Structure formats: structure tokens, C-alpha cells
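Taken in sequence, the protein lines are chains A and B.
FYI, the numbering for the first sequence is 495 to 826, going by the working numbering.
FYI, the numbering for the second sequence is 495 to 826, going by the working numbering.
There are 2 protein chains.
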Amino acid sequence: MTGKKQAPKLEDVAREADVSTATVSRFVNNPAVVAKATADRIRAAIEKTGYIPNALAGDLASQRSRMVAVLIPHLENSLFSDMIERMVGELTSSGNNVMLGLTGTSQKRTDALVRVALARRVDAIVSTGPVDDDLARLVGRTRSLWIEVWDLPDNPVGIAIGFSHQDAGRDIARFLVSRGYRRPHLVTADSPRSQRRKQGFLDEWMELTSSVPTEAHVDVPTRFGHARRVFADLRHLEERPDVIICGSDHLAQGIIVEAQAAGLKVPDDLGVIGFGNNQIAGEMRPTITSIDVDGERIAREVMAAIKRHQEGQDFPVRAIDVGFRLIARESI
Amino acid sequence: MTGKKQAPKLEDVAREADVSTATVSRFVNNPAVVAKATADRIRAAIEKTGYIPNALAGDLASQRSRMVAVLIPHLENSLFSDMIERMVGELTSSGNNVMLGLTGTSQKRTDALVRVALARRVDAIVSTGPVDDDLARLVGRTRSLWIEVWDLPDNPVGIAIGFSHQDAGRDIARFLVSRGYRRPHLVTADSPRSQRRKQGFLDEWMELTSSVPTEAHVDVPTRFGHARRVFADLRHLEERPDVIICGSDHLAQGIIVEAQAAGLKVPDDLGVIGFGNNQIAGEMRPTITSIDVDGERIAREVMAAIKRHQEGQDFPVRAIDVGFRLIARESI
DNA sequence: CTGAAAGCGCTTACAG
DNA sequence: CTGAAAGCGCTTACAG
Numbered sequence: 495m496t497g498k499k500q501a502p503k504l505e506d507v508a509r510e511a512d513v514s515t516a517t518v519s520r521f522v523n524n525p526a527v528v529a530k531a532t533a534d535r536i537r538a539a540i541e542k543t544g545y546i547p548n549a550l551a552g553d554l555a556s557q558r559s560r561m562v563a564v565l566i567p568h569l570e571n572s573l574f575s576d577m578i579e580r581m582v583g584e585l586t587s588s589g590n591n592v593m594l595g596l597t598g599t600s601q602k603r604t605d606a607l608v609r610v611a612l613a614r615r616v617d618a619i620v621s622t623g624p625v626d627d628d629l630a631r632l633v634g635r636t637r638s639l640w641i642e643v644w645d646l647p648d649n650p651v652g653i654a655i656g657f658s659h660q661d662a663g664r665d666i667a668r669f670l671v672s673r674g675y676r677r678p679h680l681v682t683a684d685s686p687r688s689q690r691r692k693q694g695f696l697d698e699w700m701e702l703t704s705s706v707p708t709e710a711h712v713d714v715p716t717r718f719g720h721a722r723r724v725f726a727d728l729r730h731l732e733e734r735p736d737v738i739i740c741g742s743d744h745l746a747q748g749i750i751v752e753a754q755a756a757g758l759k760v761p762d763d764l765g766v767i768g769f770g771n772n773q774i775a776g777e778m779r780p781t782i783t784s785i786d787v788d789g790e791r792i793a794r795e796v797m798a799a800i801k802r803h804q805e806g807q808d809f810p811v812r813a814i815d816v817g818f819r820l821i822a823r824e825s826i
Numbered sequence: 495m496t497g498k499k500q501a502p503k504l505e506d507v508a509r510e511a512d513v514s515t516a517t518v519s520r521f522v523n524n525p526a527v528v529a530k531a532t533a534d535r536i537r538a539a540i541e542k543t544g545y546i547p548n549a550l551a552g553d554l555a556s557q558r559s560r561m562v563a564v565l566i567p568h569l570e571n572s573l574f575s576d577m578i579e580r581m582v583g584e585l586t587s588s589g590n591n592v593m594l595g596l597t598g599t600s601q602k603r604t605d606a607l608v609r610v611a612l613a614r615r616v617d618a619i620v621s622t623g624p625v626d627d628d629l630a631r632l633v634g635r636t637r638s639l640w641i642e643v644w645d646l647p648d649n650p651v652g653i654a655i656g657f658s659h660q661d662a663g664r665d666i667a668r669f670l671v672s673r674g675y676r677r678p679h680l681v682t683a684d685s686p687r688s689q690r691r692k693q694g695f696l697d698e699w700m701e702l703t704s705s706v707p708t709e710a711h712v713d714v715p716t717r718f719g720h721a722r723r724v725f726a727d728l729r730h731l732e733e734r735p736d737v738i739i740c741g742s743d744h745l746a747q748g749i750i751v752e753a754q755a756a757g758l759k760v761p762d763d764l765g766v767i768g769f770g771n772n773q774i775a776g777e778m779r780p781t782i783t784s785i786d787v788d789g790e791r792i793a794r795e796v797m798a799a800i801k802r803h804q805e806g807q808d809f810p811v812r813a814i815d816v817g818f819r820l821i822a823r824e825s826i
């Protein structure tokens with residue numbers, strides 16, 4: 495035992511301020527509704543007792559948690575970092591308690607985190623990945639809103655705020671053709687989203703050029719460290735590619751470093767395109783051509799959806815397409 | 495309104511399984527204590543009703559939350575990413591619910607997050623930064639354990655698990671002297687930890703060489719993007735430094751990129767040393783000399799401390815020094 | 001503007 | 001191994 499005395503509760507503050515617990519509760523949740531003189535006494539009593547409201551009890555009694563769970567796969571090397579930081583900031587400043595959960599790439603951990611979030615009766619779960627059918631059913635039975643970001647699944651569990659990865663792949667293909675590239679090398683991860691971008695790219699590329707790109711695979715998340723192997727493996731190709739399409743800006747950065755170490759110039763000898771428009775894309779030398787996704791817009795839409803849900807309103811729209819933009823820079 | 499019916503509760507499961515709520519509760523928390531036949535009925539009832547325990551009510555009744563709050567400044571470019579991921583993984587798999595909080599660099603947000611954590615009656619708060627006096631007093635009155643990691647303050651609020659940043663600075667100085675460097679350029683952020691590393695470096699350097707290093711400042715977190723300005727500013731120095739001491743591996747990476755873009759060879763024309771031994775330190779070309787901190791050890795000690803605290807034991811030790819190691823690589 | 005009291009959904013000592 | 005019942009610390013409709 496730590497020997498610390500019990501935490502003061504509403505009752506202790508009430509006694510100290512000589513009011514009822516109901517009045518202290520009202521003051522804590524909305525100071526404006528109690529009389530000035532009473533408020534002053536309560537404030538003093540809270541200060542004196544060191545009272546910290548018990549949110550567990552409060553949420554239980556009021557039947558709402560004002561908590562939002564945000565699930566991300568990784569801290570570092572994530573396509574979502576900028577968006578998530580922005581979203582967490584906005585959620586926090588509008589009075590929500592954010593519970594960040596680290597899922598890794600394991601479905602088991604995702605499952606566990608979703609259950610924990612539901613058990614704490616969160617208002618919403620924001621996830622960068624899809625949920626499997628069993629879990630979807632479970633979520634569907636609760637009052638918690640499921641928000642998937644960065645993708646537009648055909649039949650979203652709750653609501654989806656994202657863009658078409660297939661279209662992004664197509665756009666990249668068109669862009670490379672327009673720049674005169676002939677031998678693209680496509681580096682893809684095993685995630686459903688990467689696979690759809692790849693499909694979009696392949697469809698469009700083959701349609702426009704009647705040729706077939708070479709390919710390589712990397713693990714999720716696609717990061718800087720993968721570049722060494724990917725680059726080294728190029729020598730097994732019959733012809734060296736003239737452009738490498740990466741699943742993230744970090745990987746693109748790694749490819750540039752490897753290319754330069756091998757004496758190649760980017761983009762003269764080899765073009766490189768990233769994905770996600772992470773901060774480093776604009777900071778690397780050469781700066782990295784990438785696909786930008788409007789993280790601010792996503793954050794805003796997430797906020798709006800949660801607010802509507804908290805206010806008990808329905809959603810006319812289940813999917814919001816925020817689009818994307820190809821940002822041409824020096825690396826291509 | 496969503497039109498969803500009320501979430502099923504213990505009572506619904508109990509009725510369905512024809513037992514008391516007490517028994518269902520026991521089953522949920524420890525399946526082994528109920529008879530096999532009863533357990534089977536309850537399991538079926540839970541399945542049928544889609545019951546998800548209300549952790550808010552459970553924690554309130556049992557007076558323990560099994561929640562741990564982990565406070566970090568940023569997602570990306572953080573010295574702590576590897577350690578935090580590891581820690582979160584271990585905490586989660588040993589039955590704790592982890593609440594990740596994003597503090598940014600603002601004390602106000604840190605304050606708010608600490609209050610939220612305390613209000614939810616977390617067992618412990620793990621933080622990569624110190625807490626101000628008022629908040630420390632507040633935390634001290636609760637049953638929540640404060641754990642500061644990556645530093646060893648003189649008088650820790652709860653317990654501290656880290657290392658001496660001053661010693662790290664001194665070690666770097668000795669190392670550079672031993673490698674024959676003469677004109678170090680020290681890039682420091684405004685954080686207390688960076689400042690102490692700087693002080694250690696300066697003390698040792700001046701003692702050994704009787705010369706004074708040049709310096710530059712960057713914002714926290716020290717990241718890749720800062721490199722451009724830092725490097726450009728070198729031309730204002732009377733003599734070009736022969737080695738740059740960076741506050742993070744990301745910044746070191748940026749310096750290497752800038753140096754190469756300017757036609758300098760690392761380490762022949764310019765040495766670079768990072769800090770934190772992030773994954774990229776071993777992956778960059780050239781690989782980056784850095785200070786390694788044993789994140790696995792820190793994670794383990796954090797786990798042990800939380801476990802002891804949850805079991806009501808006292809701490810004989812308030813500060814645990816996990817040390818650090820200088821990893822010499824190609825960049826120096 | 002304020003108070004008395006019921007209720008939120010669990011847990012757990014106690015008794016059997 | 002199981003049940004009846006008190007209690008965890010709040011909130012809030014109702015009444016004044």
C-alpha cells in the first residue's frame with residue numbers, strides 16, 4: 495500500500511462547500527448554472543480538497559463517455575502520422591478524450607483494442623484499417639460509431655472518409671507515361687490498399703503502353719530500410735527500370751539514398767515517386783514527387799461525423815471522398 | 495437516434511443463462527471459478543446476447559482500472575518510437591489497457607492529458623517529459639504512479655527510468671577527441687535534456703582541448719527538415735566544422751543528405767553523429783554513429799514498476815539508470 | 001438556483 | 001460453486 499489517503503470525492507467537496515453533491519456536480523460540468531457565491535465556495539472546496547472528478551463514475555451515470563478511440567498501426571514510418579496528429583489535436587480541443595491504440599499489423603491486437611474501446615463505451619472508433627466481419631457485427635450492435643479513414647470500401651461498416659486507391663494508381667500511371675517513362679518498377683506491400691493501387695496502376699499502364707511493369711514486394715509498413723534490398727534486387731532484372739513507384743515517401747527516400755550511393759542521379763538516371771506526401775517528401779534532396787492526401791480535410795470530416803453522432807443525428811452519407819493530388823517535384 | 499436497442503448488460507446475460515449476475519460477473523473475470531455446466535450456459539448466453547462488459551461500471555465497482563496512460567510528444571520523428579511501441583506491446587499483452595496521449599510540445603496539453611488520465615483513475619502514467627510542480631502535487635495525491643522515462647531527474651515525482659544526459663554529452667566529446675576531430679559544431683534543441691547533453695559535451699570538450707565548439711539551435715523535435723538551414727548556416731562560420739553533433743538520428747540523416755548535395759563526403763569531409771539509435775541510423779548510407787538507449791530494458795523496468803504498484807508494493811528504488819552506449823558506425 | 005433520491009452496470013464480502 | 005444485496009462515485013429528472 496502506498497499509504498495515500500482515499501481520493502476525495504464529490505461528497506467531500508460538497509461537505510466542505512456546504513452544498514449538495516448535485517450542486518457540485520453541476521458546477522463541475524457547467525459552472526455557469528450555479529450562483530456566483532456558491533460557485534466561489536465550491537471552487538475553494540475543490541482547491542482545498544484536491545478533488546479530481548472520477549470520470550469512470552461520471553461516464554457511467556451520464557451514459558456517455560466523450561471518448562474517441564483512434565487506431566493506428568505504427569508510430570514511426572506511418573503514412574498517417576500527420577493526419578492523426580492533426581485529428582487528435584482537434585478532437586482533444588473540442589472536449590473529447592482520445593485513446594490512441596497501436597494495432598501493429600496483427601488482426602488479433604486490433605480485435606483486442608476494438609473490444610477495449612467498446613467496453614469503455616467510446617463514442618467513436620477511428621481506424622486506418624478495415625475490420626473483419628465478426629468484429630463489424632459486434633461494432634454494429636453498439637452505439638459506437640465506426641469511422642474508417644484513408645479508404646472507400648464498397649460497403650463501409652459505419653462511415654468511410656477516404657479516396658480511391660485504384661484511381662490513385664491510375665493517375666500515377668498516366669503521369670509517368672506523360673513524362674516519357676517506359677520501364678516502371680512497382681514496389682508494393684501486402685496491404686489491401688497497396689494492392690488496389692497496384693491494380694489501378696497496372697490496368698492503366700497496360701492500357702496506355704501495352705507493356706508490363708516489373709514488380710517487387712515489401713512488408714508493411716513500407717519504410718526506409720526496405721530500400722536496400724529493393725534496390726539491390728534491381729540487378730536481377732533484364733533491364734534497369736527508369737522509374738520506381740514506392741508505397742511511401744520513406745521508402746522513396748531510401749531508394750534515392752541507395753541510388754546515389756550507387757552513383758546514379760535522381761531523376762536523370764532513375765525517377766522515384768513516393769506516396770502520402772509526408773513532410774520529408776518536400777525536404778529530401780531531391781524533393782520527392784508524391785501523392786498528397788488532404789489530412790486536414792479528413793480530420794475535419796471525422797470531427798463533424800463524431801459531433802453529429804454525439805448529438806444523435808443520422809448520417810445521410812456513408813462515404814466521403816476527399817480525393818488526392820499528385821504533387822510533382824524533383825525526383826521525377 | 496440510431497435506433498439501436500440498448501446494449502445488453504450483465505442482467506440480460508444472467509436471465510438468459512438462468513443464473514445470478516454475480517455468477518456471470520465471476521465467469522467474465524475468471525472463467526475457472528464457475529462450474530463447467532454453468533460456464534457453458536453463460537458462454538452461450540453471452541454469444542447470443544452479444545454482451546460486451548461495461549468497463550466503466552466494472553472499474554468503478556472494483557476500484558481499479560488496469561489502464562496505463564503513455565504520454566508522448568509526437569508520432570513521427572520521435573526519439574522514443576521504438577521504445578514506446580515495445581512498451582505498449584508488452585503492457586497490452588499483460589492485460590493493461592494503454593491510453594496513448596499526444597502532448598505536442600505544449601505544457602497545456604500535457605496538463606490536460608494528465609488530468610484526463612487521473613480522472614480515469616489510471617494505474618500509472620508513463621511520460622517522456624517532466625511534469626511541472628503543480629501537476630506533480632496533484633499526481634502525488636492520487637494512487638496513480640508517475641513514471642518518467644529517458645531521464646534521471648534529481649528528485650523524481652514518482653519513479654524515473656533513464657540515463658544521465660550529461661554523461662552522454664561527455665562521452666560524445668571524448669569519442670570525438672579520440673577520433674581526432676578538432677572543430678565540432680553542436681546542434682541543440684531547447685529541451686532540458688538537450689541542454690544537459692550540451693553542457694556535458696561542452697565541459698568535457700573544453701577540459702580536453704581548451705577550445706570552444708560552435709553551436710546552432712533547432713526546434714523540438716529535432717528532425718530531418720531542420721538540416722537544410724543548419725547546414726546552410728555553416729557558411730557563416732569562420733572555419734567549416736569537421737564534425738556535427740545532432741540531437742537525433744533524423745537530423746543527422748538530413749545533415750548527411752545536405753552535405754552530399756553540397757558535394758561533401760561523409761565522413762571524409764565531415765563527420766556526423768546522431769542520437770537515439772533509431773532504426774534508420776543503421777540503414778542510412780553512410781550508417782550513422784549514434785547513442786543507443788536500451789528501449790527494451792526501459793520497457794521491462796516500466797512493466798515491473800507498474801506490476802509492483804498494482805500489487806500494492808512499495809518502491810525501494812526511485813531511479814533506475816539504464817545507461818547508454820555509443821555505437822560507432824560509418825558517419826564518423 | 002438548489003436538494004433529495006433514484007439509477008448507471010458492474011464487483012465482492014458474506015452466507016450458504 | 002452460487003446468490004442476495006450493498007456499494008463504487010457520479011448524474012439528472014423532479015420538485016421546490
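Heads up, the beta-carbon is just placed ideally off N, CA and C, and yes, glycines get one too.
Remember, it's a predicted structure, so these values are computed and weren't measured experimentally.
Tell me the DSSP bridge mates of residue 789 of chain B? Taking the second sequence and counting its residues from 1, the one referred to as residue 789 of chain B is at position 295. Paired residue(s): none; residue 789 of chain B is not in a bridge.
What is the DSSP secondary structure of residue 672 of chain B, reduced to helix, strand or coil? Working through the second sequence from its first residue, we reach residue 672 of chain B at position 178. Three-state DSSP puts residue 672 of chain B in a helix.
Hey, could you find the ends of the alpha helix (DSSP H) residue 722 of chain B is sitting in? As a working mapping, residue 722 of chain B is identified with position 228 in the second sequence. Looking at the DSSP string, the run of the alpha helix (DSSP H) that includes residue 722 of chain B is 721 to 726.
Taking the alpha-carbon positions, what's the residue 786 of chain A to residue 569 of chain B distance? Position 292 of the first sequence, counting from 1, holds the residue named residue 786 of chain A. Position 75 of the second sequence, counting from 1, holds the residue named residue 569 of chain B. For the pair residue 786 of chain A and residue 569 of chain B, the Cα-to-Cα distance works out to about 19 Å.
Using the beta-carbon of each residue, which ones in chain B are nearer than 9 Å to residue 572 of chain A? The residue labelled residue 572 of chain A in the question sits at position 78 within the first sequence. Within 9 Å Cβ-Cβ: 569 and 570.
What is the rounded straight-line gap between the Cα of residue 507 of chain B and the Cα of residue 540 of chain B? Here residue 507 of chain B refers to the residue found at position 13 when the second sequence is read from its first residue. Here residue 540 of chain B refers to the residue found at position 46 when the second sequence is read from its first residue. Linking residue 507 of chain B to residue 540 of chain B through their CA atoms gives a straight-line distance of about 6 Å.
On the premise that residue 633 of chain B lies in contact with residue 625 of chain B, defined as a C-beta separation below 8 Å, what is that separation, rounded to the nearest angstrom? Residue mapping note: residue 625 of chain B aligns to position 131 of the second sequence, counting from 1. Residue mapping note: residue 633 of chain B aligns to position 139 of the second sequence, counting from 1. Right, their Cβ atoms sit about 7 Å apart.
Could you check the C-alpha separation between residue 481 of chain A and residue 660 of chain B for me, to the nearest Å? The displayed coordinates of chain A run from 495 to 826. Any statement about residue 481 of chain A would go beyond what the structure contains.
Assign residue 589 of chain A to buried or exposed, taking buried as 16 or more other Cβ atoms, counted over all protein chains shown, within 10 Å of its Cβ. On the first sequence, position 95 is the one that residue 589 of chain A refers to. It counts as exposed.
Using the rule of at least 16 other Cβ atoms within 10 Å of the residue's Cβ for burial, across every protein chain shown, is residue 806 of chain B buried or exposed? Stepping through the second sequence from its first residue, residue 806 of chain B is reached at position 312. When all chains shown are included, residue 806 of chain B counts as exposed.
Just to confirm, does residue 518 of chain B get its C-beta within under 6 Å of one of the non-hydrogen atoms of the ligand ZN? This structure simply doesn't include the ligand ZN, nor any ligand for that matter.
Going by other Cβ atoms of all chains shown within 10 Å of its Cβ, with 16 needed for buried, is residue 496 of chain A buried or exposed? As a first step, residue 496 of chain A is located in the first sequence; it is residue number 2 there, counting from the start. Note that residue 496 of chain A has pLDDT 38, beneath the 50 cutoff, so the model's placement of it is unreliable and no number is given.
Quick check: the Cα distance between residue 553 of chain A and residue 741 of chain B, rounded to an integer number of angstroms? Counting from 1 along the first sequence, the entry for residue 553 of chain A is found at position 59. Counting from 1 along the second sequence, the entry for residue 741 of chain B is found at position 247. Residue 553 of chain A and residue 741 of chain B: Cα-Cα distance of roughly 43 Å.
Closer than 6 Å by C-beta to residue 545 of chain A: which residues in its own chain qualify, once you throw out the five before and the five after it? Chain order, please. For the purposes of this step, residue 545 of chain A is identified with residue 51 of the first sequence, where counting begins at 1. Contacts found: 502 and 507.
Using a Cβ-Cβ distance cut-off of 7 Å, determine whether residue 650 of chain B contacts chain A. Taking the first residue of the second sequence as 1, we reach residue 650 of chain B at position 156. Not closer than 7 Å to any Cβ of chain A, the Cβ of residue 650 of chain B fails to qualify, so no.
Sequence-distant residues of the same chain with beta carbon closer than 6 Å to residue 716 of chain B, five excluded per side: As a first step, residue 716 of chain B is located in the second sequence; it is residue number 222 there, counting from the start. Cβ neighbours of residue 716 of chain B beyond the five flanking positions: 683, 741, 742 and 745.
Check the Cβ of residue 629 of chain B against every Cβ in chain A and list those closer than 9 Å, keeping chain order. Start at 1 with the first residue of the second sequence, and residue 629 of chain B comes out as number 135. Residues of chain A passing the Cβ test: none, with the nearest at roughly 11 Å.
Looking at the secondary structure, which residues open and close the beta strand (DSSP E) in which residue 682 of chain B lies? Here residue 682 of chain B is taken as the residue at index 188 of the second sequence, counted from 1. Per DSSP, residue 682 of chain B belongs to the beta strand (DSSP E) from 678 to 683.
For a contact defined as C-beta to C-beta under 7 Å, what are the partners of residue 553 of chain B on chain A? Taking the first residue of the second sequence as 1, we reach residue 553 of chain B at position 59. Those within 7 Å of residue 553 of chain B in chain A are 550.
Which chain A residues sit within Cβ distance under 7 Å of residue 575 of chain B? Position 81 of the second sequence, counting from 1, holds the residue named residue 575 of chain B. Those are 569 and 570, listed as they occur along chain A.
Can you name the residues of chain B whose CB is closer than 7 Å to the CB of residue 708 of chain A? For the purposes of this step, residue 708 of chain A is taken as residue 214 along the first sequence, with counting starting at 1. The contacting residues do not exist; residue 708 of chain A stays about 23 Å from chain B at best.
By how many angstroms is the C-alpha of residue 819 of chain B removed from the C-alpha of residue 651 of chain B? Against the second sequence, residue 651 of chain B aligns to sequence position 157. Against the second sequence, residue 819 of chain B aligns to sequence position 325. Answer to the nearest angstrom: the Cα atoms are 26 Å apart.
Report yes or no: is there a C-beta of chain B within less than 7 Å of the C-beta of residue 546 of chain A? What you label residue 546 of chain A is simply residue 52 of the first sequence in a count that begins at 1. Yes, because at least one Cβ of chain B sits closer than 7 Å to the Cβ of residue 546 of chain A.
Roughly how many whole angstroms lie between the Cα atoms of residue 620 of chain A and residue 755 of chain A? Mapped onto the first sequence, residue 620 of chain A falls at position 126. Mapped onto the first sequence, residue 755 of chain A falls at position 261. Their backbone Cα atoms lie some 41 Å apart in a straight line.
Strand pairing of residue 577 of chain A, partner residues [DSSP]: Translated into the one-based positions of the first sequence, residue 577 of chain A becomes position 83. For residue 577 of chain A, which the question treats as bridged, DSSP gives no partner whatsoever.
Using a Cβ-Cβ cutoff of less than 7 Å, which residues in the same chain neighbour residue 610 of chain A once the five nearest sequence positions on both sides are dropped? Reading the first sequence from its first residue, position 116 is the one you call residue 610 of chain A. Nothing listed; no residue qualifies.
Kindly indicate which three-state DSSP category residue 589 of chain A falls into: helix, strand or coil? What you label residue 589 of chain A is simply residue 95 of the first sequence in a count that begins at 1. Coil.
If we count the other Cβ atoms within 10 Å of its Cβ and call it buried at 16 or more, is residue 757 of chain B buried or exposed? Counted from its first residue, the second sequence places residue 757 of chain B at position 263. Note on residue 757 of chain B: under 16 other CB atoms within 10 angstroms of its CB, so exposed under the neighbour-count rule.
Let me see if you follow: with CB-CB separation under 7 Å, is residue 774 of chain B close to chain A or not? For this step, residue 774 of chain B is matched to residue 280 along the second sequence. Closer than 7 Å to some Cβ of chain A, the Cβ of residue 774 of chain B qualifies, so yes.
What are the boundary residues of the beta strand (DSSP E) that includes residue 867 of chain B? Any answer about residue 867 of chain B is impossible in this case: the structure gives chain B only from 495 up to 826.
Candidates B:700, B:685, B:680 and B:762: closest to residue 731 of chain B by CA position: Within the second sequence, numbered from 1, the residue matching residue 731 of chain B stands at position 237. Comparing Cα-Cα distances from residue 731 of chain B to each of B:700, B:685, B:680 and B:762, the minimum goes to B:680.
Rounded to the nearest angstrom, how far is the Cβ of residue 781 of chain B from that of residue 823 of chain B, given a contact under 8 Å? In the second sequence, the residue the question calls residue 781 of chain B occupies position 287. In the second sequence, the residue the question calls residue 823 of chain B occupies position 329. Right, their Cβ atoms sit about 4 Å apart.
Residue 694 of chain A in three-state terms, based on DSSP: Taking the first residue of the first sequence as position 1, residue 694 of chain A is located at position 200. Three-state result, residue 694 of chain A: helix.
Between residue 664 of chain B and residue 698 of chain B, is the Cβ-Cβ spacing less than 7 Å? Residue mapping note: residue 664 of chain B aligns to position 170 of the second sequence, counting from 1. Residue mapping note: residue 698 of chain B aligns to position 204 of the second sequence, counting from 1. Cβ atoms of residue 664 of chain B and residue 698 of chain B: closer than 7 Å.
Measuring only the C-alpha atoms, how far is residue 687 of chain A from residue 714 of chain A? Indexing the first sequence from 1 puts residue 687 of chain A at position 193. Indexing the first sequence from 1 puts residue 714 of chain A at position 220. Going from the Cα of residue 687 of chain A to the Cα of residue 714 of chain A covers about 11 Å.
Beta-carbon neighbours of residue 755 of chain B, restricted to chain A and to distances below 8 Å: On the second sequence, position 261 is the one that residue 755 of chain B refers to. Here the neighbours are 779.
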